[in-house]
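Before any comments, here is the structure.
Number of protein chains: 2
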Amino acid sequence: MASMATFDPQLDLVLERTIDVPVHLVWKAWTTPELLKKWFTPAPWQTVDCEIDLRPGGAFRTVMQSPDGAKFPNVGCYLAVVPNQNLVWTSALGPGYRPLPGPTESTGTATLSFNFTVSLELTADGNRTKYVARAMHGDAAACQQHAAMGFAEGWGAALDQLIAVATTIA
Amino acid sequence: MASMATFDPQLDLVLERTIDVPVHLVWKAWTTPELLKKWFTPAPWQTVDCEIDLRPGGAFRTVMQSPDGAKFPNVGCYLAVVPNQNLVWTSALGPGYRPLPGPTESTGTATLSFNFTVSLELTADGNRTKYVARAMHGDAAACQQHAAMGFAEGWGAALDQLIAVATTIA
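Dropping the structure here:
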């Protein structure tokens, strides 16, 4: 069993909600590029490209596009993949667990100056899902910066979009 | 199955040798703190402390000590653990997959300015072991810096020490 870091309110941001979507559709929305592109980035931003190599060490790539058309590529690496239960990926590593290129201060995201690891934890509750998305940071400054960028609003809005997409594939 | 990065001679350093040690003893030497302390750092340096939480996401901590007594703590995170076959860990993440604290240029090692991921690949050959240790870097500069620091000599000398230790536990 993988060892996740203990929750630390100084270092972690969490979105927790029980949603009216069966767990297998939440998983499908997170792991199917054509679906993820429809919900991952709060409008009017878009996710215009996505690559998912769904295994530990596999690539998670997205390209986000701003309303004025600027593109922002991101790359991360999956660390844990437990279907319908747990998906973990980090911006601190690239595909195949390789550290990211560039000076060591580089991150996998074009828009952030810090790294984070996301743990998505799903629990089936009949046709509903307890949805917990945790973003882990290395220090309080990075956590605060992520919070100030609108983590709660952004991830919440994306989750609303995920729910809307899930209804189309139910 | 985990997805390892493809070997890249511009980015990877490799120590490959077939040694007269059974694979289970090589694994034991890499995964038992009291044994690892005896071989991991080429003399006259020493590894004076070691913590091994042997599972994906688990901590790999060492404290190296220079001949004049200065201590250098290092921390990393295991990514893949396949007994007697494959051990993968990175300096780019701390325990529980959490990014490391400090500015994003921080690494898990007190002595290096870049991150690396190590993949140890073991293949049994009767009572011998084909031993492949690969250090993966994010760019050629980091790889060259690691090479210039004496990767080949250092890891080779440590492997000689591992062999000597293994004979004491055979």
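Just so you know, the sequences run in chain order W and H. All letters in the first sequence, in the order written, are residues 1 to 170 by my numbering. All letters in the second sequence, in the order written, are residues 171 to 340 by my numbering. Don't be surprised by glycine CBs; every beta carbon is placed ideally from N, CA and C.
Please report the distance separating the alpha-carbon of residue i from that of residue j.
i, j, result
"THR260 (chain H)", "SER119 (chain W)", "18 angstroms"
"PRO253 (chain H)", "ARG298 (chain H)", "16 angstroms"
"LEU206 (chain H)", "THR62 (chain W)", "40 angstroms"
"GLN65 (chain W)", "ALA59 (chain W)", "19 angstroms"
"HIS137 (chain W)", "TRP39 (chain W)", "24 angstroms"
"ASP125 (chain W)", "PHE321 (chain H)", "52 angstroms"
"GLY156 (chain W)", "ILE19 (chain W)", "12 angstroms"
"LYS300 (chain H)", "VAL245 (chain H)", "27 angstroms"
"CYS50 (chain W)", "PRO33 (chain W)", "5 angstroms"
"LEU54 (chain W)", "TYR78 (chain W)", "7 angstroms"
"THR211 (chain H)", "LEU332 (chain H)", "10 angstroms"
"ASP309 (chain H)", "ASP182 (chain H)", "9 angstroms"
"ASP68 (chain W)", "PRO214 (chain H)", "59 angstroms"
"GLY264 (chain H)", "THR287 (chain H)", "12 angstroms"
Quick one: grab the DSSP three-state call for residue i.
i, result
"PRO99 (chain W)", "strand"
"LEU341 (chain H)", "Here chain H comprises residues numbered 171 to 340, so residue 341 (chain H) is not present and cannot be evaluated."
"TRP45 (chain W)", "coil"
"GLN161 (chain W)", "helix"
"GLU105 (chain W)", "Confidence at GLU105 (chain W) is low in this model, with a pLDDT of 47, below 50, so its placement is unreliable and no value can be given for it."
"PRO22 (chain W)", "coil"
"ALA175 (chain H)", "coil"
"THR337 (chain H)", "helix"
"THR201 (chain H)", "helix"
"LEU112 (chain W)", "coil"
State the beta-bridge partners of residue i as determined by DSSP.
i, result
"GLY156 (chain W)", "None; GLY156 (chain W) has no bridge partner."
"GLN65 (chain W)", "W:GLN46, W:LYS71"
"CYS247 (chain H)", "H:ALA229, H:THR260"
"ILE52 (chain W)", "W:PHE60"
"LYS130 (chain W)", "W:THR18, W:THR123"
"MET136 (chain W)", "W:ASP12, W:THR117"
Less than 6 angstroms separating the Cβ of residue i from some heavy atom of the ligand NAP?
i, result
"GLN10 (chain W)", "This structure lacks the ligand NAP, and indeed carries no ligand of any kind."
Since residue i and residue j are thought to touch, with beta carbons under 8 angstroms apart, how far apart are those beta carbons, to the nearest angstrom?
i, j, result
"GLU16 (chain W)", "VAL88 (chain W)", "That belief does not hold up - the Cβ atoms of GLU16 (chain W) and VAL88 (chain W) are roughly 16 angstroms apart, past 8 angstroms."
"ALA312 (chain H)", "VAL191 (chain H)", "Going by Cβ atoms, the distance from ALA312 (chain H) to VAL191 (chain H) rounds to 30 angstroms, so no, they are not a contact pair."
"LEU122 (chain W)", "VAL14 (chain W)", "So it is not a contact: roughly 14 angstroms between Cβ atoms."
"PRO56 (chain W)", "ALA250 (chain H)", "7 angstroms"
"PRO99 (chain W)", "ASN285 (chain H)", "4 angstroms"
"SER173 (chain H)", "GLY96 (chain W)", "6 angstroms"
Residues within the segment 5-36 of chain W neighbouring chain H, beta-carbon criterion of under 8 angstroms = ALA5, THR6, LEU11
Interface residues of the segment 307-340 of chain H facing chain W [CB-CB below 8 angstroms] | HIS307, GLY308, ASP309, ALA312
Which residues, taken in chain order from the segment 114-132 of chain W, show a beta carbon closer than 9 angstroms to some beta carbon of chain H?
-> PHE114, ASN115, PHE116, THR117, SER119
What residues in the segment 239-258 of chain H bring their beta carbon closer than 8 angstroms to a beta carbon of chain W?
-> LEU249, ALA250, VAL258
Near-chain W residues of the segment 211-226 of chain H - C-beta to any C-beta below 9 angstroms = ASP223, ARG225, PRO226
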